[in-house]
Amino acid sequence: MLTGCPAWPKEFADKYRKEGCWRGETFGGMLRERADKHGSRIAITCEDTHLSYKELDERVDLLAAGFLRLGIQKEDRVVVQLPNIIEFFEVCFALFRIGALPVFALPSHRHSEITYFCEFSDAAAYVIPDVHSGFDYRRLAREVCDKVQGLRHVIVAGDSEEFKALRDLQAGPAGYPEVSPGDVAFLQLSGGSTGRSKLIPRTHDDYIYSLRLSADICRLDHDSVYLAALPIAHNYPLSSPGVLGTLYAGGRVVLAQGSSPDETFPLIERERATITALVPPLALIWLEAASSRRNDFSSLQVLQVGGAKFSAEAAGRVKSVFGCTLQQVYGMAEGLVNYTRLDDPEEIIISTQGRPMSPFDEIKVVDENGCEVEPGQTGELLTRGPYTIRGYYKAEEHNAKAFTADGFYRTGDLVKVNSSGYLIVEGRSKDQINRGGEKVAAEEVENHLLAHPSVHDAAVVSMPDKFLGERTCAYIIPRSTPPAAAEIKVFLRERGLAAYKIPDRVEIVEAFPQTGVGKVSKKALREAIVEKMMSAADARQ
Ligand code: AMP
Ligand code: DBH
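So this is what it looks like as structure tokens:
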């Protein structure tokens, strides 16, 4: 394993192999096999381009050789920040094939996040599009290069300006370093609960197992068409079953450029999509839009909703509006994924977040003292299993807290388990805001706020929101002259923070409420903002 990545203890690794979870496949090999078997079938559709498995495999070979020639080696980290374009697959599979590791940044990340990923992972290269959604990533790359000394290459899909163009990297046949199924394949990001995102090492063996199970549970096969409406670098559209699960099953991935009904509904119709994945706020928009349009959704068999809690009320409308099965998905980039099954009773599909996908997933629900609660009671979910990591990358101190001594990951989610073993997510104990599926670590934003000259102290909490589920509210104690909310937002943006982390609301206070032991009471702050919102609503009536 890559240095800094805690491995599964031998007895567990042996068991997962013996039980047939880990079958010794690698991503490089998987694509080759699909190309040999399905050759001319279309793997990926992006606008008017259709790429077959064979073509994808050939392009990956050329690029893998190009990466090697550039000096990218096995175990080198490469920060990949690509949107839903074909190059995402070419780059990732080429890196997989030579044993180099993509670090999956999201298109919404800005220089604060990217600089950190490059520095922390000691990245050899950074891969970007030229311009996407009106944002010029080459500008971002310049800022990153100014800060990160060790970054050797910036590679651009499209017009590269002073950087290297992806299309110029291709090289002739090369011998590849040997890649083992137990090797780390890439570093995925956690939503973060303490400060910055943690990096999550996933191996070929463990991740491919999760793809196989996901594809099976979602009944994917050659005829499946997965519409990728969410950014595919995120673990959910990447793997549950997502784009990689679809390729595993030999199906076809259709890349949408945006997630709005205008961009996606005609694609579902034209490409005859059979399955797609949404976060709850988007599902609400789709539900609303679908009832007033005449699009043909008859190809759609499964509509997945996950990433944040989906209300039972909205869940109950999916079947009649789209004429397909709803599947709730509760997962995490650290591993464990829960699904409602396609043939589950309606009641289960509407009111639970599913059950673990593997019979080898172990789950425990514990109270604050770490003792298991009575069945049906709410507590924190702990989990361990064949595709759940045993520790974050280079995070020894944090790992000691985030995992139990016997290797269970502390999810920070408050859940209860019903009598059939299905999970219901009730809340969260970690200091994170779930903004419609986008996770915001309170501490990360607080640290940025504290850098403002007028800010004495800061506390970021969630406030309820009908549409996103939660939004962020930053409470600030000023030093002297209180800063204006707009000024705070501009300040954070200029520090290069992704837009979804900029507080939706800023409240200036003189002091924070405290808990019995004198800690900031975020609970009291959350209650205060709810009260304020309610009295403002009353005043309007
Ligand atoms: P991340 O750390 O970004 O991988 O986000 C994983 C977290 O998202 C989980 O630990 C949950 O807090 C949350 N989450 C994911 N899916 C759901 C869901 N269906 N319902 C409620 N929370 C969810
Ligand atoms: O929110 C998530 O991180 C998530 C949701 C659903 C996830 O990682 C997954 C499925 O795999």
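So that you can map any letter, position 298 of the sequence shown is 298 in the UniProt record's numbering, and since no number is skipped, the others follow by simple counting.
The beta-carbon is built from N, C-alpha and C at its ideal position, and this holds for glycine as well.
No experiment lies behind these values; they were computed from the predicted model shown.
Taking 8 Å as the line, does the beta carbon of residue i fall inside it for any heavy atom of ligand 2?
i    : result
S239 : yes
K439 : yes
H234 : yes
Y248 : no
Y409 : no
Y330 : yes
V337 : yes
Looking only at its chain, what residues have a beta carbon closer than 7 Å to the beta carbon of residue i, apart from the 5 residues adjacent to it on each side?
i    : result
F310 : P280, A283, Q328
I217 : Y339, R341, M357
E334 : S190, I200, T388, I389, Y409
K198 : S190, G192, Y392, A395, H398
G385 : G335, L336, S358, F360, D361, E362
Since residue i and residue j should fall inside the 8 Å C-beta cutoff, what is the C-beta to C-beta distance between them, to a whole number of angstroms?
i    : j    : result
L414 : R428 : 6 Å
A459 : F512 : 6 Å
R435 : Y500 : 6 Å
S121 : V103 : 5 Å
G251 : Y226 : 6 Å
Please identify the residue among the options whose C-alpha is closest to the C-alpha of residue i.
i           : options                : result
residue 589 : R540, P503, L68        : What is shown of the chain runs 1 to 541, which leaves residue 589 out entirely.
A208        : L140, E269, A314, M30  : Reading off the sequence, residue 208 comes out as Ile, not Ala. Measuring from the Cα of I208, the nearest candidate turns out to be M30.
T203        : S180, G20, L382        : S180
A273        : A171, H222, E470, L238 : H222
M332        : R59, L238, K522        : L238
S52         : A65, C92, H38          : H38
residue 566 : A312, P453, S299, L287 : Residue numbering for the chain in the displayed model covers 1 to 541; residue 566 lies beyond these limits and cannot be assessed.
G258        : P266, G251, L525       : P266
I348        : H448, G469, A315       : A315
E346        : V318, D122, G412, E372 : V318
R471        : I529, K519, I477, D146 : I529
D61         : V373, C92, D76, G379   : C92
C5          : R139, V509, Q188       : Q188
E531        : D205, G516, M463       : M463
L169        : P102, P241, R59, R219  : R59
T325        : R110, S299, Q514       : S299
T404        : N369, E426, E438       : N369
S108        : E446, F89, E510, E438  : E438
V461        : G469, N447, I433, L468 : I433
G71         : D48, I98, L244         : I98
V78         : R32, A402, L106, V127  : V127
D465        : R493, R505, A402       : R505
E11         : G407, S291, A486, G412 : G407
A35         : D57, D48, T49          : D57
Spatial neighbours of residue i within its chain, please: C-beta separation below 8 Å, excluding the five flanking residues on both sides.
i    : result
P375 : V417, S419
R293 : P261, F265
V365 : E372, V373, Q377, T378, G379, E380, L381, L382, V415, K416, V417
Say the cut is 8 Å; is the CB of residue i nearer than that to a heavy atom of ligand 1?
i           : result
E334        : yes
Q327        : no
A308        : yes
Q432        : yes
G412        : yes
V305        : yes
Q353        : yes
L189        : yes
G4          : no
residue 594 : Here the chain comprises residues numbered 1 to 541, so residue 594 is not present and cannot be evaluated.
R428        : yes
residue 589 : This structure does not reach residue 589, given that the chain is present from 1 up to 541, and the question cannot be answered.
V103        : no
T318        : Checking the sequence shown, residue 318 turns out to be Val, not Thr. Not under cutoff, so the answer is no.
V321        : no
V302        : no
V417        : no
V425        : yes
Who are the near neighbours of residue i in its chain, counting only those whose CB is closer than 6 Å to its CB and skipping five residues on each side?
i    : result
Y248 : L211, A215
Q304 : A277, Q327, V329
G354 : Q328, Y330, N338, Y339, T340
A157 : E87, P129, L166
G24  : P181
L2   : E75, V184
V455 : L449, I476
A64  : A94, R97, I98
T26  : V179, P181, H204
Quick one: any contact between the region 391-403 and the region 421-439, if contact means 3 or more CB pairs under 8 Å?
no
Quick check: the region 162-178 against the region 111-119, are there 3 or more CB pairs under 8 Å?
no
Mind the definition here: the region 41-48 touches the region 147-164 only if three or more C-beta pairs lie below 8 Å; say whether that holds.
no
Using 8 Å as the cut-off, can you tell me whether the region 479-489 makes contact with the region 226-235, which would need three or more C-beta pairs spanning the two stretches below that distance?
no
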